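K.L.:
Attaching a single structure in structure tokens format; questions to follow.
Residue numbers (my numbering), protein chains in the order written: chain A, 36 to 370; chain B, 3 to 828.
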């Protein structure tokens with residue numbers, strides 16, 4: 036039984052209007068909380084519109100009285116006005132009415148909290164926040180990936196949230212609200228994406244020098260595409276093909292990349308401090324959505340990681356241009 | 003009409019005790035007006051710095067993927083902007099006005115503790131130096147003003163900027179607690195006869211409420227940073243989840259301070275609005291009583307809402323729901339205030355001075371900040387917008403058109419009182435419109451980008467997300483405000499020489515500060531008008547229509563009150579100098595302690611000895627007590643000059659009691675951390691660590707209790723004027739207390755574990771160590787009192803110091819019983 040739902044009818048129309056206005060004013064491409072693509076975000080958008088209506092009303096009353104005072108009571112003579120010290124009826128009015136409004140908002144809040152907290156879920160994933168990237172594990176599929184991952188639409192996903200270092204916050208603006216990742220605590224966030232697409236996730240808690248570049252992409256796809264993706268992710272990395280890529284593979288081990296990065300299927304590459312690179316070529320971006328994943332960007336990222344994302348934990352390794360090209364060739368093969 | 007008022011004002015230079023001349027006299031001054039001016043000018047200088055930092059940020063964020071600032075620099079800049087605005091600008095600016103105005107508004111000659119007042123200013127300067135030298139000696143703090151653990155632990159922030167920041171917070175905390183003590187005691191003790199608390203001007207009342215907020219909020223922050231310091235320097239693990247600590251303990255402690263802090267920053271500004279609005283509406287405050295009650299409620303509720311900053315950290319449902327409910331509740335008294343101000347103007351006769359412009363701008367924009375605050379307390383909506391630019395817009399909406407517009411209204415209103423000259427109104431109005439539209443341009447787009455998903459505290463952002471135009475407008479708006487600040491700075495400086503002469507009462511106002519010269523001469527008043535309402539000067543100027551009429555036999559009533567006061571606190575010591583060089587020396591000593599903590603331990607030892615020496619000199623120096631309170635002038639007849647200190651306790655004891663109030667929060671915070679961390683452990687003591695022996699500590703407890711009994715008996719001896727018995731019994735109390743410390747020292751030396759042994763060792767040594775430090779302080783106080791009784795030619799020892807110290811000693815006893823129970827018996 037939701038008081039909120041009934042109250043929503045009228046303001047929703049208003050909100051759609053606002054949404055149209057914001058879109059018209061050029062909000063294409065924004066991870067806007069007013070353009071929800073998930074259940075939670077949609078509920079919260081509705082709540083926001085009710086709040087906007089209530090607060091807007093109060094705002095208008097105050098402005099109207101203020102402007103009336105300014106226009107009507109400008110000083111016109113030196114005579115002092117009537118010295119009136121108060122009026123108990125007026126004061127009661129602006130005490131009691133706000134109390135009633137506050138009670139309504141409180142009931143709404145608890146209602147919405149109740150709806151959004153811990154709905155039953157269809158699948159689980161583990162997400163670990165790290166300075167400054169995301170590690171995502173699918174316990175059911177038994178594989179790990181980083182910064183980009185898939186979920187099926189219309190399924191409720193329960194994400195177990197942990198942190199490996201400092202506090203981060205897991206947030207997908209168009210999908211639902213934030214939940215912090217606190218060292219020593221395990222939090223969870225449940226969400227359901229209702230429209231196919233690619234959505235931005237962002238770290239919501241300041242977590243150090245590259246907080247700005249701690250983002251991820253979530254791909255909401257139909258069930259068939261999702262199983263395909265899972266199957267593909269479960270595979271170990273393909274062996275390097277071609278001379279350059281093979282040289283890159285050897286270099287990957289000898290230059291120490293494998294000390295931090297795991298490439299499943301490549302012996303000696305089982306590091307856990309950096310992102311899993313088993314299928315890195317299948318990702319659309321690099322360095323937690325800092326760069327598009329193109330060969331040029333990948334080369335730049337390997338060559339000058341501190342220039343691309345200063346302060347990040349990937350060291351600059353002295354490698355020649357040819358060696359970089361070899362590494363790129365190898366990594367580009369990790370579909 | 004204003005002739006009458008002028009007659010009650012003293013002629014300039016009429017005071018028997020003048021300021022010493024020369025700039026050095028500013029270093030030793032204990033005059034509340036001079037200290038107020040020092041506070042105000044210093045904090046305005048930092049205001050310009052903080053605005054410059056803000057413009058650096060806005061420049062960086064103006065366009066996508068900008069590289070104007072490096073990420074490291076940006077993070078330092080946003081941290082320093084917030085830290086500076088809160089601790090070095092708004093708090094001391096409001097504190098400066100409180101200093102300057104409260105004695106004037108309540109008809110007093112100075113604050114209750116003039117030397118403490120100077121000390122709190124100089125410690126503020128020491129704090130500012132500590133924070134800003136970190137730019138030179140290290141990386142400045144770059145973890146946000148909230149500095150969440152574990153980001154601040156050495157593993158993630160190895161640089162010393164964090165240590166500078168911690169020590170800065172400790173100094174700033176000392177400064178604001180001393181300032182708050184002074185405001186509270188001054189308001190309680192020094193109000194003119196006839197000025198009941200309900201008749202006190204709103205600016206004084208809101209500062210009075212504020213002082214309790216500061217006393218209760220700051221200790222929680224002090225505990226938070228102390229534990230952080232131990233984590234960084236002594237190897238404890240309060241916030242390190244890998245070693246049994248919990249980062250959420252930091253958040254709980256921080257926000258228990260952090261939310262009341264928001265009200266600390268705005269309540270006195272509300273007070274200023276409440277002073278300015280009626281005068282320029284030519285009407286008394288509408289619903290004055292409701293306004294006072296609302297201020298008190300806002301202050302009180304401020305302590306019940308802290309976790310609304312933590313809705314997304316995964317706290318239990320019921321806890322979030324309660325915190326949402328209490329947060330909504332704050333909207334009610336805030337709304338009452340807004341409507342009362344509107345009703346004050348309603349049917350008034352509005353004079354559109356710059357001051358009133360800022361009031362109108364305040365109401366027009368602050369209400370948006372208040373309402374977006376309500377939306378943020380709505381938990382699910384908060385999950386979306388917390389830590390986005392929506393929040394940045396919200397709190398700037400509260401602080402800029404709220405605190406800052408209030409302060410600006412106050413500056414334009416009181417500048418003539420402080421300087422004798424008016425600020426330029428045309429420049430003032432230009433500044434107002436620059437601020438008004440600059441604010442709208444800067445922050446309304448930020449609400450929108452927040453809703454469009456832009457997180458806060460990012461040093462850059464990507465194009466293609468529709469954020470571009472909003473960020474650009476915001477940056478332009480920021481520079482519009484910047485121009486406004488320049489206009490303001492020019493106005494303030496130029497008007498010192500070129501401003502129109504103000505006269506004593508340029509606004510035809512009604513509170514006591516306008517009943518003296520501009521600027522007020524030393525010690526403020528020759529005489530005061532009779533006070534029978536909140537608007538004594540209105541009553542004087544409008545005898546045909548006064549707010550309040552004298553009750554029957556009111557002169558007798560005053561005389562009766564005066565008889566209650568104890569004579570020894572009325573008389574200033576004959577050798578009292580005006581001003582004292584000791585406060586600034588203590589502050590220099592504290593700064594040296596800080597430097598030592600950052601350099602080497604030898605410096606710490608030397609500096610502590612220096613500070614202790616200065617404090618001894620403080621005790622032996624005669625206090626520069628203000629002269630007798632100004633007499634009341636009725637017609638041409640002066641009521642006989644007598645003291646009128648109010649209330650049951652003497653000023654010294656009152657100060658100690660206020661301090662104890664603050665200390666209760668300190669130990670409560672510490673004990674909270676202990677309990678929270680302990681219940682989260684699987685086993686206690688953790689494996690491999692020994693249980694605590696109860697025997698010896700139990701004996702020590704008996705010694706401490708015996709010492710408390712002895713101290714009490716000593717006080718009774720003193721009250722019966724048995725000097726020798728007092729000396730002997732006090733010596734016994736000291737010896738018993740020292741024995742307690744000795745046993746504790748023995749226990750420390752023979753302990754089988756150390757402070758770095760996880761949460762177990764950390765909490766044990768921190769709790770008992772802080773308590774031990776308080777025992778030491780109490781013992782030193784007793785020793786000084788004891789030593790003073792042997793001073794040749796000295797008066798019989800004052801009961802006040804002994805009473806205060808004894809109350810403090812009892813408090814330390816009670817804290818020990820709690821700690822003993824929790825640590826040894828639980």
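The beta carbon of each residue, even a glycine, is placed where N, CA and C say it ideally should be.
Bear in mind that the values here come from a model prediction, so they are computed numbers and not experimental data.
Helix, strand or coil for residue 224/A per DSSP?
P.N.:
Three-state result, residue 224/A: strand.
K.L.:
Only counting the same chain, and skipping five residues up and downstream in sequence, which positions put a Cβ closer than 7 Å to that of residue 64/B?
P.N.:
Correct list, in chain order: 473, 474, 477.
K.L.:
Beta carbon of residue 132/B, beta carbon of residue 606/B: below 8 Å?
P.N.:
Not closer than 8 Å, so no.
K.L.:
Taking residue 118/A as the reference, which of 62/B, 285/B, 115/B has the closest Cα?
P.N.:
It is 285/B whose Cα lies nearest to the Cα of residue 118/A.
K.L.:
Per DSSP, what are the beta-bridge partners of residue 640/B in this structure?
P.N.:
Answer by DSSP bridge pairing, in chain order: 635/B.
K.L.:
Going straight from the alpha carbon of residue 205/B to that of residue 100/B, what length do you get?
P.N.:
Between residue 205/B and residue 100/B, the C-alpha separation is close to 8 Å.
K.L.:
Which residues does DSSP pair with residue 192/A in a beta bridge?
P.N.:
The partner list for residue 192/A (beta bridge, DSSP) reads 158/A, 226/A.
K.L.:
Within the same chain, show all residues whose beta-carbon is closer than 7 Å to that of residue 803/B, passing over the 5 residues directly before and after it, in chain order.
P.N.:
Around residue 803/B: 654, 787.
K.L.:
Just the chain B side, please: which residues come within less than 7 Å of residue 133/A by C-beta, in chain order?
P.N.:
Going along chain B in sequence order, the residues near residue 133/A (Cβ under 7 Å) are 333, 334, 337.
K.L.:
Going by DSSP, what residues sit across from residue 169/A in a beta bridge?
P.N.:
Residue 169/A is bridged to 164/A.
K.L.:
Starting from residue 390/B and walking both ways along the beta strand (DSSP E), at which residues does that stretch end?
P.N.:
No beta strand (DSSP E) contains residue 390/B, which DSSP labels as neither H nor E.
K.L.:
For chain A, is any of its Cβ atoms less than 8 Å away from the one on residue 469/B?
P.N.:
Yes - at least one Cβ of chain A is within 8 Å of the one on residue 469/B.
K.L.:
With distances taken from CA atoms, which of 612/B, 727/B, 682/B is nearest residue 241/B?
P.N.:
With distances taken between Cα atoms, residue 241/B lies closest to 682/B.
K.L.:
Using Cβ-Cβ distances below 9 Å, what residues of the stretch 592-623 of chain B are close to chain A?
P.N.:
Taking 9 Å as the Cβ-Cβ cut-off against chain A, none of the residues of the stretch 592-623 of chain B qualify.
K.L.:
CB residue 183/B to CB residue 661/B, shorter than 8 Å?
P.N.:
Yes, they are a contact pair.
K.L.:
Look at the Cβ atom of residue 234/A, then the Cβ atom of residue 72/A, and state whether they are nearer than 8 Å.
P.N.:
In this structure, residue 72/A lies closer than 8 Å to residue 234/A by Cβ.
K.L.:
Between the C-alpha atoms of residue 600/B and residue 388/B, what's the straight-line distance to the nearest angstrom?
P.N.:
Those two C-alpha atoms are separated by around 35 Å.
K.L.:
Give me the Cα-Cα distance between residue 385/B and residue 85/B, rounded to the nearest whole angstrom.
P.N.:
C-alpha separation (whole angstroms): 25 Å.
K.L.:
Using the three-state DSSP reduction, which class does residue 198/A fall into: helix, strand or coil?
P.N.:
If DSSP states are grouped into helix, strand and coil, residue 198/A belongs with the strands.
K.L.:
Can you pull the DSSP bridge partners for residue 215/A?
P.N.:
The partner list for residue 215/A (beta bridge, DSSP) reads 204/A.
K.L.:
Of all the CB atoms in chain B, is at least one closer than 8 Å to the CB of residue 296/A?
P.N.:
Judged by the 8 Å Cβ criterion, residue 296/A is not in contact with chain B.
K.L.:
Please say whether residue 342/B and residue 272/B have beta carbons closer to each other than 8 Å?
P.N.:
Their beta carbons are not under 8 Å apart, which means residue 272/B does not touch residue 342/B by this criterion.
K.L.:
Measuring CA to CA, which of 739/B, 757/B, 810/B is closest to residue 666/B?
P.N.:
If we check each option's Cα against that of residue 666/B, 810/B comes out closest.
K.L.:
Per DSSP, residue 423/B is paired with what?
P.N.:
According to DSSP, residue 423/B bridges with 503/B.
K.L.:
Is the CB of residue 434/B under 8 Å away from at least one CB in chain A?
P.N.:
With 8 Å as the cut-off, residue 434/B does not count as an interface residue toward chain A.
K.L.:
Quick one: is residue 247/B buried, meaning 16 or more other Cβ sit within 10 Å of its Cβ, or exposed?
P.N.:
Buried is the call here.
K.L.:
Given residue 298/B, which residues of its chain have a CB within under 7 Å of its CB, disregarding the five upstream and five downstream residues?
P.N.:
Excluding positions up to five away in sequence, the list reads 211.
K.L.:
With residue 353/B as the anchor, note down where its alpha helix (DSSP H) starts and where it stops.
P.N.:
Neither: residue 353/B is in no alpha helix (DSSP H) and is coded neither H nor E.
K.L.:
With DSSP collapsed to three states, give me the class of residue 235/A.
P.N.:
Residue state, collapsed to three classes: strand.
K.L.:
For the stretch 505-513 of chain B against the stretch 455-463 of chain B, do three or more pairs of beta-carbon atoms, one drawn from each stretch, fall closer than 8 Å, so that the two count as touching?
P.N.:
Output reads no: the stretch 455-463 of chain B does not touch the stretch 505-513 of chain B.
K.L.:
Quick one: is residue 489/B buried, meaning 16 or more other Cβ sit within 10 Å of its Cβ, or exposed?
P.N.:
With 16 or more other Cβ atoms within 10 Å, it is buried.
K.L.:
Helix, strand or coil for residue 809/B? Go by DSSP, reduced to three states.
P.N.:
Helix at residue 809/B.
K.L.:
As a quick exercise: from 338/A, 196/A, 231/A, pick the residue whose alpha carbon is nearest that of residue 209/A.
P.N.:
The shortest Cα separation from residue 209/A among 338/A, 196/A, 231/A belongs to 231/A.
K.L.:
Have a look at residue 451/B and residue 325/A and give me their C-alpha separation to the nearest angstrom.
P.N.:
One C-alpha to the other measures close to 20 Å.
K.L.:
For residue 386/B, which residues in chain A fall below 9 Å Cβ to Cβ?
P.N.:
Near residue 386/B (Cβ distances below 9 Å), the residues of chain A are 68, 75, 76, 79, 80, 83, 206, 208, 211, 212, 213.
K.L.:
Of all Cβ atoms in chain B, is any one closer than 8 Å to the Cβ of residue 1/A?
P.N.:
Summary: the structure shown does not reach residue 1/A, with chain A confined to residues 36 through 370, and so no result is reported for it.
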